[in-house]
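Enquirer: Protein chains in written order, with full-length UniProt numbering: chain A, 1 to 577; chain B, 1 to 375; chain C, 1 to 345.
Glycine included, C-beta positions come from ideal geometry on N, C-alpha and C.
Sharing a structure here in structure tokens format.
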Amino acid sequence: MPSNDLRERVEPLEETLAPPAPVPVKRRASRRPGVWLLVALGLLLLLASTIVLPQLRLVGEAFTDDGGFSFANFIEFFTTPRFQEAILNSLVVAVVAGVLACAVAVPAAYVLAQFDLPGRNGFLTLATMATVSPPFLGAYAWVLLLGRGGILTTQLRAWGIELPFDTIIGPGGIVWVTVWATQALVFLLAYDAFRAIDPSLDEASSSVGAGPWRTRLRIVLPMAVPALVTGFYMSSMKIFTDFGTPLIIGGGTPMLPTAVYYEFLSEVSTNPAIASAGSLVMLGVACIALALQQWALRRRTYASVSSRRRPLQPVRGVKKGLMIAYLGVVFGLSFVPHLVVVGTSLLTWKAGILKWIPTFDNYVRLFDENLEVILMSLLLAGIACVLCVIVAVLVAYLTVRRRYSVISPALNVITMVPYIIPGTVLAIGLILAFGSGPLILTGTATILVLAYFIRRIPYVTKSIEAALTQVHPALEEAAMSVGAKPMRAFRQITVPLVRPAIVSGGTVGFLQMVTELSATVMLYSVPFITMTVVIFTNAMQPASPFGVASAMTVVLMLAVYIPLYFVRRKFASVTSV
Amino acid sequence: MERGNGVAVGVEAISKEFPGHVALKGVDLEIEARSFTTLLGPSGCGKTTLLRILAGFETATSGRVTFDGRDIARMPSWKRNIGFVFQNYALWPHMSIRDNIAYGLKLRKLGKEQIAERVTESLRMVGLDGRAEAFPGQLSGGQQQRVAIARALALRPNVLLLDEPLSNLDAKMRIGMRQELLRLQREVGITAVYVTHDQEEALEMSDQVAVMHDGRIDQVGSPQAIYETPETAFVASFIGHVTLLGGVSDGAGGFRSDLPIAGALPAFDGALPTGRAQLVLRPEDLDLVDDVEHAHLRGTLVRSSYHGRGYRSALRLADGTLCEVDHRRPVAAAPGEEAGIRVGAAALVPESDDYYREAAPEAESADDLVAAPAA
Amino acid sequence: MKHGRKFAAVGIAAVSASLVLSGCSAIVGGQPAGGDDSAESGTVVVYAAHGPEVTDPIIAAFEKAYPDISVSLTASPGTGELISRVESEMKNPLGDVAWGGSSENYAAASDGAFATVELENDEATVVTDPEHKWHATDALFQAIAVNTERVTDASSYPQSFEDLADPKWREAGQIAFANPRSSGTSYSLLAAMVTAHDWDFLDGFLPNAKVVDGSSQMFDGVRTGEYALGFINEDLGATWVAEGAPLELVYPSDVVSNQIGVAAVIEGAKHPKAAETFVNYLMSKEAQQLMVDEVGRRSARTDVAPPAGLPAADELKLAAPDPAVFATDKDAVLTRFDEKLASAK
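So, in structure tokens, the structure goes:
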């Protein structure tokens, strides 16, 4: 220890010999500021200028009427029948979809976690793959199959089978698509939870005379509640903020995201003030949902310290068959959009009409024109993903470990803001903030990177935060005790320990960035064209060449699943955020 | 390893407030260089907080911490040159044993060869040569704890701080590790501060024991002093089984018990001022006699059991106190019958558990205490 | 150490890659005005609300006619998004031309979004913007679309808006009608029907209608048989009929809604001269003939005949809603529509 260092830090203390604390010399019990405080301030500045500032217009417009501060827009929003209807529909659909996604996924997860079934790894891989669904075309696929004039509907009718419904279009269709698009998320969470339950808990239950069903309902299910709460929250919030699915399959059912979207961007008549108020209402609902989720979790944190791996129970005969069949159905339905897209990419489309003529033309056309687009997509998402992970790790660390009284909660809240802002609205905010003034980013690739970064920062941060709470603070203190400065201890001890979460959070973030559409279409400019833009421009009009869009979607899925496969192989369980 | 880089540690008027509670209420402690000092107390007494303040993981609200007389209260832990051994070992699971030990050495910019040498030496000291390439997850709890100790010692720190390092080990290993730890400490010549709630551990290992209670140190002294002449009822009752009998001290070494005691008691060490006091009786200082008439105390036998080298019996005294007595010969009385107790040695402590606190300058005088409605 | 360096390296790589990308983009997207702009050469950045079926043939022909001007195409999801983008970029416009959407959309855009330019070919079009902001590129009429698998009896096909208010359609199937809040096409239809009849006409029509989001859903819905009836842009309807879709197009006898499709030069465009060349080209006889032949859409020029199979404009009773009501106070119109819709339920 260099002694000059020591002397610098010795401060004269007047009352060194005071008896047991009559008048203690008050010293601030500050945690050492140093590097981390600077990092925190830097992050606050970065996130405030990229997330909050561009969206301030939203808040401003929402609370302004006739040039002055007012709640008039909110009052109008809540008293207009079409918004009332939209709020109600959105809430009901979100809750129903969330419940059904859990109802579908939890038994599947239980069966796979509890019983020795063949193809376990296959199902787990499928589940991870299913967390990424084809952007934009997923709902189309279901309409194509099960609309009133859909391929399946017509075929079944030809065979004399009547479906219990005329068409999938309608609120039921929104729920249906959402359930199959989100169940995999719930499945993975629930599976991990079931696997982590200490086997002695159910043994204890049966030792006091509880039958297997009683044990399942009273012991095992409650242990998985945190996973269920999180899964439910994510499913319901996904549809609560989704714009594309209700538009395509809702059959005109008024929903909050579509209503708000059209107030912002209708080609007929817009009212940005009402739209802003509506966005803030959505933000409010999402915040309440988040608070409820956190509250529900806080009341149920079971420290299940399992020393034994949970054994898999053998099962055979009809029971085994039924279980596999159930898993097959669940994942089969989740992959319907993927399969439809693959199918339609190999068929001829004329003026937007599907012809049953097999062809490779779609791919030929795609690769003629759009090869560099694939690289561009991966590059943009890759850069955004790295930035996102770096910032997310720092923010998560600051909120979990260093609870600066104002800065940490502020960071926590700011990173959650993008969760609820529709991509298009976010894009407009970015154009207004960075389209003029000191920093011009419009027309650059940077603005796309920024948009991806902002849109995914909530998800990545949450997943790393979760992992960080599992790392004991003593590990970092141990490093400091052997002489590592805080930043070094963070880099060399904490970061490597949460590396699996960084990899999985980063992977999922990357996948979602590659499939991002709504902000991209507002922000992209030649030559920064992404795969989603190509999909979109080839599907935007009713007479568009859907085959090319399908082919590009297939390519996109491959570009997404190949890295996912390797990451999964390296890190056994890539659970989603 | 060269000897004697241990420093003297001073703790002066250290207080620590957390939001909602006060963990330390003005603690003073002097720790000699190269000594082994134990902070002993029940959970929540502030012992771990004090240790973490010594380590620099926490900053004291007020007071001074000195190493060889220099105030280090504001010095961050990574500059203090300490070794810290955690209750849960805190080995870095992503590093091999070698890397765990070498980490701090690399930070000190030691040469490659020197690092390798020190790692080997440290591992040999804790008896784990040959396991350098293993990962923490592959070792048993005891081995992990040795690695944690090796990691701390490899740096040749000024002070070794240990936070209940043996509490996660099984009983047999715990006892073996005590001597090993002590041997290492002596060998290296380091100042060690050891936190535990296990009084046996404290007595066996320490040069000096500080008994902590409710954010304060009740008594500091050698294990013998702590055991034989406890200064407070808390210290007396925390160390071993004791029976406490209330009474009044006459200020001159005499004691009048509330419960009639026949005959004269042996002399007590030290003197208490006049006032309420308690007699501390340890089972091994008592004997059971059939001759009730010549006993100091009498009571009803509740139970008696044999435990190898003798018997331990419990008697219900007249005021309802249960008194435990160790004796070599079997007892003649049956449970429910009367038996006598002879006192071989005893200590006297101020009655109130809070005496220490109230004896501070602004507190009431001892005379006031006598006036309190007692017996 | 090892990890630390990697950590830092990745960060630096990310930041520098990002900088390189933005550097590139500055070269591509941010050329100084006039730098390489002329009427005959340079680049023109086109924001389009058209799909490739419209943009591809016409841009290909343009690039052949003006080999020194390269077109950089950016597609927008719809006219609303297109105009929003232009408006939000007003302080630093990145596009040169906006193409697609109706004259009403462009007329309603913020002041300063589109440049006032008089072009040579303006005179040849059926209608000219008195403010010289938008320039007509096509004309679009809507027909009633009948799904012949859902409505099998040809004699019962509706011939007019009036017929659509017939209570029999409440049972026979639904009439797809895009919400006029989100669809400009539907807004024209609404204007046409209440002009030809009156607002009370909706009391008969709306109970038969299924209000959907967006015109694409309306068009697709009729084609696939999701709805028995609906409205469709005639060019798309004719293409689909030609491709064998089970559709029959009927031009309502009482009134036919219509829009003028337009393009505009963006105010403050970095390449104004090339932009003018491009927009002027869109109105040229050559481009208009392509619009007719390749896209199947009516030309905005008086001297180009409509696509084969589409009736001549003068055979139809074209709607001419009062701009004082339908252009200036859209909110009032839509609120009234909402009320009618609510009472129809």
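If contact means a Cβ-Cβ distance below 9 angstroms, which residues of the segment 335 to 351 of chain A contact chain B?
Expert: Within the segment 335 to 351 of chain A, no residue has a Cβ that lies closer than 9 angstroms to any Cβ of chain B.
Enquirer: Residues of chain C with CB closer than 8 angstroms to the CB of Tyr524 (chain A), please, in chain order.
Expert: Thr74
Enquirer: Cβ of Trp240 (chain C) less than 8 angstroms from any chain A Cβ?
Expert: yes
Enquirer: Taking only the alpha-carbon atoms, compute the straight-line gap between Ile175 (chain C) and Ser186 (chain C) and give it to the nearest angstrom.
Expert: Straight-line spacing of the CA atoms in Ile175 (chain C) and Ser186 (chain C) works out to 13 angstroms.
Enquirer: What separation, rounded to the nearest whole angstrom, lies between the Cα atoms of Val127 (chain C) and Pro458 (chain A)?
Expert: 51 angstroms
Enquirer: Can you round the beta-carbon distance between Ala259 (chain A) and Ala86 (chain A) to whole angstroms, since I take them to be within the 8 angstroms contact cut?
Expert: 4 angstroms
Enquirer: Quick check on the DSSP output: the alpha helix (DSSP H) that includes Glu204 (chain B) runs from which residue to which?
Expert: Secondary structure note for Glu204 (chain B): its alpha helix (DSSP H) is the uninterrupted segment Gln199 to Met205.
Enquirer: Only counting the same chain, and skipping five residues up and downstream in sequence, which positions put a Cβ closer than 7 angstroms to that of Glu30 (chain B)?
Expert: Hits under 7 angstroms: Gly10.
Enquirer: Please report the Cβ distance between Trp78 (chain B) and Gly278 (chain A), rounded to the nearest whole angstrom; I am assuming they are in contact, meaning their Cβ atoms lie under 8 angstroms.
Expert: That belief does not hold up - the Cβ atoms of Trp78 (chain B) and Gly278 (chain A) are roughly 52 angstroms apart, past 8 angstroms.
Enquirer: According to DSSP, simplified to helix, strand and coil, what is Gly244 (chain A)?
Expert: helix
Enquirer: Would you kindly report the start and end of the unbroken beta strand (DSSP E) that includes Glu12 (chain B)?
Expert: Residues Val9 to Phe18.
Enquirer: I'd like the span of the alpha helix (DSSP H) that includes Arg506 (chain A), first residue to last.
Expert: In the sequence as presented, Arg is not what sits at residue 506 (chain A); that position holds Gly. Segment Arg499 to Val514, the alpha helix (DSSP H) holding Gly506 (chain A).
Enquirer: Provide the residue(s) that pair with residue 579 (chain A) in DSSP beta bridges, ordered along the chain.
Expert: Not covered by the structure: residue 579 (chain A). The range shown for chain A is 1 to 577.
Enquirer: Please classify Ala347 (chain B): does DSSP put it in a helix, a strand, or coil?
Expert: strand
Enquirer: In the segment 35 to 60 of chain B, which residue ranges form an unbroken beta strand (DSSP E) of at least 3 residues, counting only runs that do not cross its ends?
Expert: Here the runs fully enclosed are 36 to 40.
Enquirer: Restricting to Cα atoms, I'd like to know which of B:His307, B:Arg80, B:Arg64 and B:Glu324 is closest to Arg108 (chain B).
Expert: B:Arg80
Enquirer: Could you say which of A:Ile502, A:Val341, A:Arg455 and A:Leu354 lies nearest to Ala396 (chain A) if we only look at CA atoms?
Expert: A:Ile502
Enquirer: Using a beta-carbon distance cut-off of less than 8 angstroms, what residues from the segment 102 to 113 of chain B approach chain A?
Expert: Tyr103, Gly104, Leu107 and Arg108
Enquirer: Where DSSP assigns a beta bridge to Cys323 (chain B), which residues make up the other side?
Expert: Its beta-bridge partners are B:Leu315.
Enquirer: Could you say which of C:Asp338, C:Leu316, C:Glu294 and C:Ser299 lies nearest to Ile58 (chain C) if we only look at CA atoms?
Expert: C:Glu294
Enquirer: Would you verify that the beta carbon of Glu477 (chain A) is, or is not, closer than 8 angstroms to some beta carbon of chain B?
Expert: yes
Enquirer: Quick one: using the 10 Å Cβ neighbour count with 16 as the cut-off for buried, is Ser377 (chain A) buried or exposed?
Expert: buried
Enquirer: What would DSSP say about Asn258 (chain C), mapped onto helix, strand or coil?
Expert: strand
Enquirer: For Ser110 (chain C), which residues in the same chain have their Cβ closer than 6 angstroms to its Cβ, ignoring the five residues on either side in sequence?
Expert: Glu87
Enquirer: Please classify Leu17 (chain A): is it buried, with 16 or more other beta-carbons within 10 angstroms of its beta-carbon, or exposed?
Expert: Below a pLDDT of 50, predicted positions are generally treated as unreliable, and Leu17 (chain A), at 28, falls in that range; no measurement from the model is reported.
Enquirer: So, for Ala332 (chain B): in the same chain, excluding its five sequence neighbours on each side, which residues have a beta-carbon less than 6 angstroms away from its beta-carbon?
Expert: For Ala332 (chain B), same chain residues with a beta-carbon under 6 angstroms away, outside a window of 5 residues either side, are Asp290 in chain order.
Enquirer: Along the chain, where does the beta strand (DSSP E) that runs through Leu297 (chain B) open and close?
Expert: Leu297 to Tyr306
Enquirer: Determine the chain B residues that contact Leu468 (chain A) at a beta-carbon separation under 8 angstroms, and present them in chain order.
Expert: Within 8 angstroms Cβ-Cβ: nothing; Leu468 (chain A) doesn't reach chain B, min ~15 angstroms.
Enquirer: Excluding the five sequence neighbours on either side, which residues of its own chain have a C-beta within less than 7 angstroms of the C-beta of Leu228 (chain A), listed in chain order?
Expert: Cys102, Val106 and Ala190
Enquirer: Spatial neighbours of residue 580 (chain A) within its chain, please: CB distance less than 8 angstroms, with the 5 preceding and 5 following residues excluded, ordered by chain position.
Expert: Since the displayed chain A opens at 1 and closes at 577, residue 580 (chain A) lies outside it and no answer follows.
Enquirer: Look at the alpha carbon of Gly83 (chain B) and the alpha carbon of Gly437 (chain A), and state the distance between them as a whole number of angstroms.
Expert: 54 angstroms
Enquirer: Got a sec? Which residues, its chain only, sit under 7 angstroms from Val413 (chain A) by beta carbon, not counting five neighbours each side?
Expert: Taken in chain order, the list of residues that qualify is empty.
Enquirer: Using a C-beta cutoff of 8 angstroms, does residue 396 (chain B) count as contacting chain A?
Expert: Here chain B has residues from 1 to 375 only, and residue 396 (chain B) is not among them.
Enquirer: Under the assumption that Gln114 (chain A) contacts Val330 (chain A) (Cβ atoms under 8 angstroms), give the Cβ distance between them as a whole number of angstroms.
Expert: That pair is no contact at about 16 angstroms.
Enquirer: When you compare the CB positions of Val242 (chain B) and Ile226 (chain B), do they come within less than 8 angstroms of one another, or not?
Expert: no
Enquirer: With respect to the alpha helix (DSSP H) encompassing Tyr261 (chain A), which residues constitute its N-terminal and C-terminal limits?
Expert: Leu256 to Leu265
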